[in-house]
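Student:
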Amino acid sequence: MTTRSLQPELYLASKSPRRQQLLKQVGVTFYKLCLDYQEKVVPGDSAEATVCRLAEEKAEAGWKHKHRQLNLPVLGADTLVKHSGRMLGKPENLSQAKEILRLLSGSKHEVVSAICMIQDDKKVSMLSSSTVFFREISGLEIEHYWASGEPADKAGAYAIQGIGAVFIKRIEGSYSGVMGLPIYETGQLLKKFNIEIL
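In terms of our numbering, the sequence shown opens at residue 707 and continues consecutively.
1. Can you give me the C-alpha to C-alpha distance between K764 and F736, rounded to a whole angstrom?
2. Measure the C-alpha to C-alpha separation of L887 and C822 and round it to an integer number of angstroms.
3. Under 8 Å by Cβ, that's how I've got V732 and I903 pegged, so tell me the actual separation to the nearest angstrom.
4. For a test of the three-state rule: what should DSSP assign to T708, helix, strand or coil?
5. Can you give me the start and stop residues for the alpha helix (DSSP H) that G893 sits inside?
6. Which residue's Cα is closest to the Cα of D935: Y743, E766 and S819?
7. Quick one: what does DSSP say E762 is sitting in, helix, strand or coil?
8. Quick one: what's got a C-beta closer than 6 Å to L760's C-beta in the same chain, skipping five residues either side?
9. What is the DSSP secondary structure of R841, counted as helix, strand or coil?
10. Roughly how many angstroms lie between the CA atoms of L846 and V884, to the nearest whole one?
11. By the three-class DSSP mapping on this structure, what secondary structure does S694 have?
12. Going residue by residue through the stretch 768-854, where are the continuous alpha helix (DSSP H) segments of at least 4 residues, counting only ones entirely within it?
13. Within its chain, find whatever has a CB closer than 7 Å to the CB of E856; leave out the 5 residues flanking it on each side and keep chain order.
14. At which residues does the alpha helix (DSSP H) containing L728 begin and terminate?
15. Quick one: grab the DSSP three-state call for I869.
16. Could you pull out every residue in the same chain whose Cβ sits closer than 6 Å to the Cβ of L807, ignoring the five residues on either side in sequence?
17. Am I right that K788 and V818 are in contact with their C-beta atoms under 8 Å? What's the rounded C-beta distance?
18. If distances are taken between C-alpha atoms only, which option among A755, Y717, Q825 and S882 comes closest to F899?
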């Protein structure tokens, strides 16, 4: 029986603790790249086109990062929530959280996550899309949820892996994709760069 090396196998161009957690969950070791990257939405672009572009831009920024020293691939990722074709970002205050969560309450929405990996002149992207069904949420629940601090830095103003799970009746698609890093697609992408999970 062979054992995997504990040496880092890639660079992760993301500050997200959820993405770090998911990579660790499947035994992938990595260096974190803390990039000062500004996400920009292009008017008229779909959620799918936006997450693919942002994931690619993050991977490219990571590849060009001046502290990069080892020739390891760089993984970038991005996630967006959309409801009836409208993209929903991260709430900056209670008012925005109320607007988003009232919209999601008692309805379904989509979560799209894109990943992109770059090494030398090789660049590969993959996309995951999931549908999430919410129960009705009261105004008081929204206020209490905001007070917990959880929604503030989350696309769609909730975290499926946190307290926000109580709002979710069911999902169709990838749980890890809703978290921010679709593990099935990530595994397929890693294989293309000769990184085996098992």
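We treat Cβ as the ideally placed atom computed from N, Cα and C, and that holds for glycine.
Tutor: Let's see:
1. Your numbering for residue 764 matches position 58 in the sequence shown. Your numbering for residue 736 matches position 30 in the sequence shown. Going from the Cα of K764 to the Cα of F736 covers about 16 Å.
2. Here the question's residue 887 lines up with position 181 in the sequence shown. Here the question's residue 822 lines up with position 116 in the sequence shown. About 11 Å.
3. Taking the first residue of the sequence shown as 1, we reach residue 732 at position 26. Taking the first residue of the sequence shown as 1, we reach residue 903 at position 197. Indeed, because the Cβ distance is near 5 Å, the residues count as touching under 8 Å.
4. The residue given as residue 708 occupies position 2 in the sequence shown. Low confidence applies here, because T708 scores a pLDDT of 49, under 50, leaving its location unreliable; read the following figure in that light. Three-state DSSP puts T708 in coil, outside helix and strand.
5. The count along the sequence shown starts at 1 and reaches residue 893 at position 187. That run of the alpha helix (DSSP H) goes I889 to K898.
6. Because the chain is modelled from 707 through 904, residue 935 falls outside the range shown and cannot be assessed.
7. Taking the sequence shown and counting its residues from 1, one reaches residue 762 at position 56. Helix.
8. If you number the sequence shown from 1, residue 760 lands on position 54. Answer for L760: E745 and D784, listed in chain order.
9. Position 135 of the sequence shown holds residue 841. Of the three classes helix, strand and coil, the one that applies to R841 here is coil, per DSSP.
10. In the sequence shown, the residue the question calls residue 846 occupies position 140. In the sequence shown, the residue the question calls residue 884 occupies position 178. Taking the straight line from one Cα to the other gives about 25 Å.
11. With the chain covering 707 to 904 only, the question about residue 694 has no answer from this structure.
12. 800-810 and 845-853
13. To locate residue 856, count along the sequence shown from 1; it is residue 150. So the list reads A865, G868, I869 and G870, once near-sequence residues are dropped.
14. If you number the sequence shown from 1, residue 728 lands on position 22. Start and end: P723 to Q731.
15. On the sequence shown, position 163 is the one that residue 869 refers to. It is helical.
16. To locate residue 807, count along the sequence shown from 1; it is residue 101. I843, I848 and A863, listed in sequence order.
17. The residue you call residue 788 lines up with position 82 of the sequence shown. The residue you call residue 818 lines up with position 112 of the sequence shown. Correct: roughly 7 Å between the Cβ atoms.
18. Position 193 of the sequence shown holds residue 899. Among A755, Y717, Q825 and S882, the Cα nearest to that of F899 is on Q825.
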